[in-house]
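J.: Okay, here's the structure, questions in a sec.
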Amino acid sequence: MKDLLNRYGLPLTTLICLLVAFWLLVLVILPNLYLFENSFRPYLPVQEMGGPKDVYTLKNYLTFVESPIHITVFFSTILYSCVVTVICFAITYPLAYYLAKNVSVRSLPTLFLILTIPLWVSEIMRSFAWFIILSLRGPLNFFLVNLDIIDKPIRWMTGFRSVIIGLVYTYVLFMLFPIYNAIQSLDTNQLEAAEDLGAPWWRIHWRIVLPHSKPGIASGSVMVFMLSAGSILVPTLLASTNSRWFTEIIQQWMFESLDWNTGSAYAFLLLILCTVFVTLVMKIFRVKLSDIAK
Amino acid sequence: MTRKSDWLFRLYLILFLAYMLLPLIIMGGAAFNDSRFPSVYPWQGFTWNWFIELWNDTRLLNSFRNTLMVAVAVVVISVPIGTASAILVNSVAGAVRSTLYGLMVAPILIPGAVIGISTLLFWNTMSVAPGLHLSVLGQVSYISAFVMLLVLARLQSFDRSLEEAALDLGASHAQVVRRVLLPHLYPALGAGAAIAFFQSIENFNVTLFTRGPYDTLTVYVFSRVRSGITPTINALAVLMILFTIAAIVIVEVARLREERRLSAK
Numbered sequence: 000m001k002d003l004l005n006r007y008g009l010p011l012t013t014l015i016c017l018l019v020a021f022w023l024l025v026l027v028i029l030p031n032l033y034l035f036e037n038s039f040r041p042y043l044p045v046q047e048m049g050g051p052k053d054v055y056t057l058k059n060y061l062t063f064v065e066s067p068i069h070i071t072v073f074f075s076t077i078l079y080s081c082v083v084t085v086i087c088f089a090i091t092y093p094l095a096y097y098l099a100k101n102v103s104v105r106s107l108p109t110l111f112l113i114l115t116i117p118l119w120v121s122e123i124m125r126s127f128a129w130f131i132i133l134s135l136r137g138p139l140n141f142f143l144v145n146l147d148i149i150d151k152p153i154r155w156m157t158g159f160r161s162v163i164i165g166l167v168y169t170y171v172l173f174m175l176f177p178i179y180n181a182i183q184s185l186d187t188n189q190l191e192a193a194e195d196l197g198a199p200w201w202r203i204h205w206r207i208v209l210p211h212s213k214p215g216i217a218s219g220s221v222m223v224f225m226l227s228a229g230s231i232l233v234p235t236l237l238a239s240t241n242s243r244w245f246t247e248i249i250q251q252w253m254f255e256s257l258d259w260n261t262g263s264a265y266a267f268l269l270l271i272l273c274t275v276f277v278t279l280v281m282k283i284f285r286v287k288l289s290d291i292a293k
Numbered sequence: 000m001t002r003k004s005d006w007l008f009r010l011y012l013i014l015f016l017a018y019m020l021l022p023l024i025i026m027g028g029a030a031f032n033d034s035r036f037p038s039v040y041p042w043q044g045f046t047w048n049w050f051i052e053l054w055n056d057t058r059l060l061n062s063f064r065n066t067l068m069v070a071v072a073v074v075v076i077s078v079p080i081g082t083a084s085a086i087l088v089n090s091v092a093g094a095v096r097s098t099l100y101g102l103m104v105a106p107i108l109i110p111g112a113v114i115g116i117s118t119l120l121f122w123n124t125m126s127v128a129p130g131l132h133l134s135v136l137g138q139v140s141y142i143s144a145f146v147m148l149l150v151l152a153r154l155q156s157f158d159r160s161l162e163e164a165a166l167d168l169g170a171s172h173a174q175v176v177r178r179v180l181l182p183h184l185y186p187a188l189g190a191g192a193a194i195a196f197f198q199s200i201e202n203f204n205v206t207l208f209t210r211g212p213y214d215t216l217t218v219y220v221f222s223r224v225r226s227g228i229t230p231t232i233n234a235l236a237v238l239m240i241l242f243t244i245a246a247i248v249i250v251e252v253a254r255l256r257e258e259r260r261l262s263a264k
């Protein structure tokens with residue numbers, strides 16, 4: 000703090016501290032505290048707020064515990080977000096390795112620009128594209144039937160498979176870039192030395208490349224899992240009635256039942272879920288928060 | 000690396016590029032199909048109709064304007080906040096630093112829906128009605144973190160003795176910031192502004208909960224997709240893709256020219 004004063008003087012230091020305080024207190028900490036507090040209060044009509052019935056209660060959380068459907072949806076959201084994360088990793092790891100170690104430096108920028116086209120076209124358009132592709136009379140079925148791979152069009156949008164397809168497509172680049180960054184900093188001499196010493200390719204990956212790319216994998220996994228579990232667009236567009244997503248239930252509490260208190264309790268559960276996931280990943284991969292957020 | 004596996008990798012890269020781009024092409028194709036439902040098959044003839052309808056859609060143009068307004072506001076607020084935070088974090092050490100850093104990074108790891116709901120609740124208790132202003136505040140709360148990370152990375156390469164030298168030579172603190180610190184940070188500030196702008200345009204989850212009765216582009220498209228879809232959405236997608244490609248080509252041409260200039264030297 001004193002260092003800051005010496006360098007920038009009193010007015011600027013005050014301004015800096017005010018800006019940071021505004022951000023962290025007013026925009027981040029207080030709203031989340033309110034969310035927490037609100038989740039323990041009953042849902043009451045306006046005139047009864049602050050009245051005798053307005054006491055702290057666990058009712059909102061009991062609503063969750065006592066409803067098997069919501070619990071199922073909660074756990075399938077976790078499960079399928081993990082599936083999406085694993086698929087994204089499997090798809091991008093070889094690609095990230097190839098881009099980092101084999102592609103010539105000259106063509107990399109162009110490749111990356113092409114790869115980022117889907118990122119600039121908004122998320123909703125990306126999931127909408129799959130809505131068209133996967134529809135019963137859509138191009139995918141047309142293609143598969145005409146190639147005689149299947150004899151009857153498949154109804155893709157049932158269960159979680161269309162949601163998984165959509166989520167993987169929408170978030171796969173969030174896995175590719177961090178892993179690429181991690182592998183890129185690996186010294187190629189290490190790989191050549193291992194090769195010269197007779198290590199097979201899988202051992203090189205297992206002992207050198209994978210351990211080195213751990214921070215990237217951790218950061219990619221956190222991003223993909225978080226975005227998937229918190230996604231509203233993709234599940235609403237691509238899921239069917241038998242594959243609901245936890246965010247859809249939160250949204251129903253907020254806008255259809257107008258019960259903001261139960262909505263906050265559910266939102267808080269989602270927040271806990273993500274916090275637990277991030278902590279787990281940090282423990283498993285033995286990385287710090289500063290490695291993840293890059 | 001043997002030649003055979005290089006060939007395999009190359010095939011994989013091409014497949015992946017096709018996987019990333021084909022859905023966009025299919026979606027774009029549907030904008031020209033003369034069918035009431037967005038599809039490319041069966042093909043019922045070429046039409047420009049959906050672009051004309053898009054142009055006449057006043058609600059859409061309105062939501063487009065809202066989106067731009069929100070994005071500009073987010074840039075204007077989040078760039079100073081992110082910069083101030085990076086400077087603050089950079090000048091403290093030890094436990095304070097890691098606590099501050101953790102608090103600043105946390106918003107990136109909070110699901111958008113949670114940010115939206117908590118913003119809505121907090122300002123509701125302060126009797127502030129939902130609306131685009133809340134969307135701005137909600138978005139700023141996590142977009143500032145991106146700016147902070149970018150500026151912090153840039154600060155790492157900043158030579159602090161420059162500041163000291165300027166101060167010793169009698170510059171005021173404001174002059175030091177304006178003439179020494181900020182010029183060094185400009186690339187990061189520019190990148191931060193661009194990221195903030197695009198993150199804001201792209202945002203759906205926070206906006207959905209905080210917007211009140213107002214539309215932004217993503218929310219509007221979403222409501223259209225749910226209520227009754229016509230290929231006007233695809234026409235909009237085509238415009239967005241074309242805009243993206245144009246921007247990419249401009250960046251790429253500028254880069255190649257720069258490269259040639261450097262190699263000519």
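Protein sequences, first through last, are from chains A and B.
Numbering of the first sequence is given in numbering that gives the first Met the number 0, commencing with residue 0 and proceeding in unit increments.
Numbering of the second sequence is given in numbering that gives the first Met the number 0, commencing with residue 0 and proceeding in unit increments.
Where a beta carbon is used, it is the ideal one built from N, C-alpha and C, also for glycine.
(1) Determine the direct distance from the alpha carbon of Met253 of chain A to that of Gly111 of chain B, and round the result to whole angstroms.
(2) Take every Cβ of the stretch 62 to 77 of chain B, pair it with every Cβ of the stretch 124 to 136 of chain B, and state whether three or more of those distances are shorter than 8 Å.
(3) What is the DSSP secondary structure of Asn202 of chain B, counted as helix, strand or coil?
(4) Can you tell me where the alpha helix (DSSP H) holding Ser218 of chain A begins and where it ends?
(5) Do you know offhand how far Trp244 of chain A's Cα is from Ile114 of chain B's?
(6) Using only the alpha-carbon positions, how far apart do Phe208 of chain B and Gln250 of chain A sit?
(7) Is there a Cβ from chain A that is less than 9 Å from the Cβ of Ala204 of chain B?
(8) Can you list, in chain order, the residues of its chain whose CB lies under 8 Å from that of Leu14 of chain B, leaving out five sequence neighbours each side?
(9) Are any of the Cβ atoms in chain B nearer than 9 Å to that of Glu65 of chain A?
(10) Return helix, strand or coil for Asn101 of chain A, following the three-state DSSP convention.
(11) Go to Thr109 of chain A, then tell me how far its alpha helix (DSSP H) extends in each direction, as first and last residue.
(12) Taking Val179 of chain B and Ala165 of chain B to be in contact with their CB atoms under 8 Å, please state how far apart those CB atoms are, rounded to whole angstroms.
(13) Grab the span of the alpha helix (DSSP H) containing Asn48 of chain B for me, first residue to last.
(14) Curious, which full-length beta strand (DSSP E) runs of at least 3 residues does the stretch 121 to 205 of chain B contain?
(15) Would you mind sorting Ser242 of chain A into buried or exposed? The rule is 16 or more other CB atoms within 10 Å of its CB.
(16) Pro177 of chain A CB to nearest chain B CB: under 9 Å?
(17) Exposed or buried, Arg177 of chain B, counting other C-beta atoms within 10 Å across all chains shown (16 or more means buried)?
(18) Compare the C-alpha of Trp259 of chain A against each of B:Val139, B:Gly169, B:Ile24 and B:Thr124 and name the closest.
(19) Between A:Arg202, A:Thr71 and A:Leu43, which has its C-alpha nearest Asn59 of chain A's C-alpha?
(20) For a contact meaning CB atoms closer than 9 Å, what does Ser222 of chain B contact in chain A?
(21) Within 9 Å of any Cβ in chain A, is that where the Cβ of Gly101 of chain B sits?
(22) Is Ala264 of chain A buried or exposed, if buried means 16 or more other CB atoms sit within 10 Å of its CB?
(23) Suppose the cutoff is 6 Å on Cβ atoms and the five residues either side in sequence are ignored; what does the same chain contact list for Thr157 of chain A look like?
(24) In three-state DSSP terms, what is Met0 of chain B?
(25) Helix or strand or just coil, what does DSSP make of Phe45 of chain B?
(26) Would the stretch 193 to 201 of chain A and the stretch 115 to 133 of chain A be scored as touching if the rule is three or more Cβ pairs under 8 Å?
(27) In angstroms with no decimal places, state the Cα-to-Cα distance between Ala173 of chain B and Leu98 of chain A.
(28) Does the stretch 33 to 42 of chain B come close enough to the stretch 143 to 158 of chain A to have 3 or more Cβ pairs within less than 8 Å?
(29) Who pairs with Asn32 of chain B in a beta bridge, going by DSSP?
(30) Classify Val237 of chain B: buried if its beta carbon has 16 or more other beta carbons within 10 angstroms, exposed otherwise.
(31) Return the chain-ordered list of same chain residues with a C-beta closer than 8 Å to the C-beta of Ile194 of chain B, the five sequence neighbours on each side being excluded.
(32) Quick one: list the residues of chain B neighbouring Met253 of chain A, beta-carbon separation under 7 Å, in chain order.
(33) Which of helix, strand or coil does DSSP assign to Met48 of chain A?
(34) Under 6 Å Cβ to Cβ from His183 of chain B, same chain only, skipping five residues before and after it: list those, please.
(35) Given a threshold of 16 other Cβ atoms within 10 Å of its Cβ, counted over all protein chains shown, does Leu23 of chain A qualify as buried or as exposed?
(36) Do we get a CB-CB distance below 9 Å when we pair Asp33 of chain B with the residues of chain A?
T.: So, from the data block:
(1) The residue given as residue 111 of chain B occupies position 112 in the second sequence. The residue given as residue 253 of chain A occupies position 254 in the first sequence. Those two C-alpha atoms are separated by around 14 Å.
(2) Touching, per the Cβ criterion.
(3) Looking up residue 202 of chain B in the second sequence gives position 203. Judged by DSSP in its simplified three-state form, Asn202 of chain B adopts coil rather than helix or strand.
(4) Here residue 218 of chain A corresponds to residue number 219 of the first sequence, with the count starting at 1. Unbroken alpha helix (DSSP H) run through Ser218 of chain A: Lys213 to Ala228.
(5) As a working mapping, residue 244 of chain A is identified with position 245 in the first sequence. As a working mapping, residue 114 of chain B is identified with position 115 in the second sequence. Roughly 18 Å separates the two Cα atoms.
(6) For this step, residue 208 of chain B is matched to residue 209 along the second sequence. For this step, residue 250 of chain A is matched to residue 251 along the first sequence. Taken atom to atom, the span from the alpha-carbon of Phe208 of chain B to that of Gln250 of chain A is near 8 Å.
(7) For the purposes of this step, residue 204 of chain B is taken as the residue at position 205 of the second sequence. The sequence shown places Asn at residue 204 of chain B, rather than the Ala named in the question. Contact of Asn204 of chain B with chain A is assigned, a C-beta pair being separated by under 9 Å.
(8) As a working mapping, residue 14 of chain B is identified with position 15 in the second sequence. Excluding sequence neighbours, Leu14 of chain B sits near nothing in its chain.
(9) As a working note, residue 65 of chain A is residue 66 in the first sequence. Under the 9 Å criterion on CB atoms, Glu65 of chain A is classed as non-interfacial with respect to chain B.
(10) For the purposes of this step, residue 101 of chain A is taken as residue 102 along the first sequence, with counting starting at 1. Asn101 of chain A sits in coil when the DSSP states are folded into three classes, being neither helix nor strand.
(11) Residue numbering aside, residue 109 of chain A sits at position 110 when the first sequence is read from its first letter. Thr109 of chain A -> alpha helix (DSSP H) spans Leu107 to Leu114.
(12) The sequence position of residue 179 of chain B within the second sequence is 180, counting from 1. The sequence position of residue 165 of chain B within the second sequence is 166, counting from 1. With 8 Å as the limit, Val179 of chain B and Ala165 of chain B qualify as a contact, their Cβ atoms being about 5 Å apart.
(13) Counting from 1 along the second sequence, the entry for residue 48 of chain B is found at position 49. Looking at the DSSP string, the run of the alpha helix (DSSP H) that includes Asn48 of chain B is Asn48 to Trp54.
(14) Inside the stretch 121 to 205 of chain B, DSSP marks no whole beta strand (DSSP E) run of 3 or more residues.
(15) On the first sequence, position 243 is the one that residue 242 of chain A refers to. When all chains shown are included, Ser242 of chain A counts as buried.
(16) Translated into the one-based positions of the first sequence, residue 177 of chain A becomes position 178. The beta carbon of Pro177 of chain A sits no closer than 9 Å to any beta carbon of chain B.
(17) By one-based count along the second sequence, residue 177 of chain B stands at place 178. The residue is exposed, with fewer than 16 neighbouring Cβ atoms inside 10 Å.
(18) Counting from one through the first sequence, the residue named residue 259 of chain A turns up at place 260. Nearest in C-alpha terms to Trp259 of chain A, of all of B:Val139, B:Gly169, B:Ile24 and B:Thr124, is B:Thr124.
(19) Taking the first residue of the first sequence as 1, we reach residue 59 of chain A at position 60. Minimum Cα-Cα distance from Asn59 of chain A among the listed residues A:Arg202, A:Thr71 and A:Leu43 corresponds to A:Leu43.
(20) As a position in the second sequence, residue 222 of chain B is number 223, starting the count at 1. Result: empty, since nearest Cβ-Cβ is about 11 Å, beyond 9 Å.
(21) For the purposes of this step, residue 101 of chain B is taken as the residue at position 102 of the second sequence. It does: the Cβ of Gly101 of chain B has a partner Cβ on chain A nearer than 9 Å.
(22) Position 265 of the first sequence, counted from the first residue, corresponds to residue 264 of chain A. Flag for Ala264 of chain A reads buried.
(23) For the purposes of this step, residue 157 of chain A is identified with residue 158 of the first sequence, where counting begins at 1. Ser239, listed in sequence order.
(24) Against the second sequence, residue 0 of chain B aligns to sequence position 1. Low local confidence applies: a pLDDT of 49 at Met0 of chain B is under 50, so the model's placement there is unreliable, with the coordinate-based value given in what follows. Residue state, collapsed to three classes: coil.
(25) What you label residue 45 of chain B is simply residue 46 of the second sequence in a count that begins at 1. DSSP, read as helix, strand or coil, puts Phe45 of chain B in strand.
(26) Segment contact: the stretch 193 to 201 of chain A against the stretch 115 to 133 of chain A, fewer than three CB-CB distances shorter than 8 Å; contact not assigned.
(27) What you label residue 173 of chain B is simply residue 174 of the second sequence in a count that begins at 1. What you label residue 98 of chain A is simply residue 99 of the first sequence in a count that begins at 1. Going from the Cα of Ala173 of chain B to the Cα of Leu98 of chain A covers about 44 Å.
(28) The way I'd put it, the stretch 33 to 42 of chain B doesn't touch the stretch 143 to 158 of chain A; fewer than three beta-carbon pairs between them come closer than 8 Å.
(29) Translated into positions along the second sequence, residue 32 of chain B becomes position 33. Paired residues: B:Phe45.
(30) Translated into the one-based positions of the second sequence, residue 237 of chain B becomes position 238. Burial of Val237 of chain B is indicated by the presence of at least 16 other C-beta atoms within 10 angstroms of its C-beta.
(31) Here residue 194 of chain B refers to the residue found at position 195 of the second sequence. Excluding sequence neighbours, Ile194 of chain B sits near Ile142, Phe145, Val146 and Leu149.
(32) As a first step, residue 253 of chain A is located in the first sequence; it is residue number 254 there, counting from the start. Within 7 Å Cβ-Cβ: Ile116 and Phe208.
(33) Residue mapping note: residue 48 of chain A aligns to position 49 of the first sequence, counting from 1. In the structure shown, Met48 of chain A sits in coil (DSSP, three-state: anything other than H, G, I, E or B).
(34) Position 184 of the second sequence, counted from the first residue, corresponds to residue 183 of chain B. So the list reads Phe157, once near-sequence residues are dropped.
(35) What you label residue 23 of chain A is simply residue 24 of the first sequence in a count that begins at 1. Buried, by the Cβ-count rule.
(36) Indexing the second sequence from 1 puts residue 33 of chain B at position 34. Contacts with chain A at 9 Å (Cβ-Cβ) do not include Asp33 of chain B.
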